[in-house]
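Position 44 (the sequence shown) corresponds to 50 in my numbering; numbering is contiguous.
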Amino acid sequence: MKIKRQKQARHLLSMYKNSFRIQEPFQVLIDGTFAQAAYKNKVFIEDQLSKYLSCSLRCFTTKCVLAELSLLGSEMRGAKAIIQKFQTKPCSHDDSPTSAVKCLKSLIGDKNEHGYFIATQDANLTKLARSIPGIPVLYIYQMSIILDKPSKATSNFVKDLSSDKIRMPAEQKASLLAMKKEANIIIPQKRKPVKRKGPKGPNPLSVKKKKKKGN
């Protein structure tokens, strides 16, 4: 099961690299809910992510995320201890911190131009991330980090790419096919009916001509 998950993750990462130009080292934005899940399940985030995705990456959070964890008190103390080890991304809320969802939304923007990953257990943040094409979403399930399947927005973007008459390199075509397979959007092509050949007639050269009878 672990090998299968890693293989699926590699296929998806290849697609994100080629279709959305997300490059290593990957930048992973982590919120408090993900850190709390990591704390409860004894998941070492950076170490496990690097092994699972087989890539180089960096984990980040924001001051707003840390402020939110502080407001939640001792219940989130373990999550805060984990997440405050990561570098904080500058945001525009230094004077008045906002919610983690709003803060991370401002970093992602409308197009995720910086190629961020989102690591969260929060349903609202997950919904937001999946509404924008090309945002990889990570979550924790049963002591394992999982790279979520492509969203509908991402799948539709890939469909549009495949419909465009653009000559893509072989590697990009392969990653596109893998992505479509993961998203279950491959349309089976109809096979051309095979024209069966009928029995051949005798070779005309091998047939002897009938002799004409004399009068």
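We put the beta carbon where it would ideally sit given N, CA and C, even for glycine. Just so it is clear, the structure is predicted and the values come from calculations on it, not from any experiment.
On the criterion of 16 or more Cβ atoms from any shown chain inside 10 Å, does residue i qualify as buried, or is it exposed?
i: Leu134; result: buried
i: Ser169; result: exposed
i: Ile88; result: buried
i: Ile28; result: buried
i: Ser157; result: buried
i: Asp128; result: buried
i: Pro31; result: exposed
i: Tyr147; result: exposed
i: Asn130; result: exposed
i: Pro96; result: exposed
i: Gly79; result: exposed
i: Asn47; result: exposed
i: Met82; result: buried
i: Met149; result: exposed
First and last residue of the alpha helix (DSSP H) that includes residue i?
i: Ile141; result: That residue, Ile141, is in no alpha helix (DSSP H); it is neither H nor E in DSSP.
i: Thr3; result: Only positions 7 to 221 of the chain appear in the structure, and residue 3 is not among them; the question remains open.
i: Val49; result: Taken as a continuous stretch (DSSP letters only), Val49 belongs to no alpha helix (DSSP H), as it is neither H nor E.
i: Phe1; result: A question about residue 1 goes unanswered here, because the residues of the chain that appear run from 7 up to 221.
i: Gly84; result: Arg83 to Ile89
i: Ser112; result: Ala106 to Ile114
For residue i, I'd like the list of residues in its chain whose CB is within less than 6 Å of its CB, leaving aside the five on either flank, ordered along the chain.
i: Ala73; result: Pro103
i: Asp154; result: Val143
i: Leu35; result: Phe66, Leu110, Tyr122 and Ile124
i: Val71; result: Asp37, Gly38 and Ala106
i: Ala43; result: Gln127 and Ile146
What does DSSP give as the partner residues of residue i in its beta bridges?
i: Ala15; result: Answer is none; Ala15 lacks a bridge partner.
i: Ser150; result: Tyr147
i: Thr94; result: Thr67
i: Ile124; result: Leu35 and Val143
Grab the span of the beta strand (DSSP E) containing residue i for me, first residue to last.
i: Leu63; result: Leu63 to Thr67
Below 7 Å CB to CB, which residues in the same chain sit around residue i once its five sequence neighbours on both sides are set aside?
i: Thr132; result: Thr126 and Val143
i: Ala15; result: Tyr58, Leu59 and Leu153
Note down, in chain order, each residue of its chain lying with its Cβ closer than 8 Å to the Cβ of residue i, except the 5 sequence neighbours on either side.
i: Lys86; result: Gly38, Ala41, Leu72, Leu75 and Ser76
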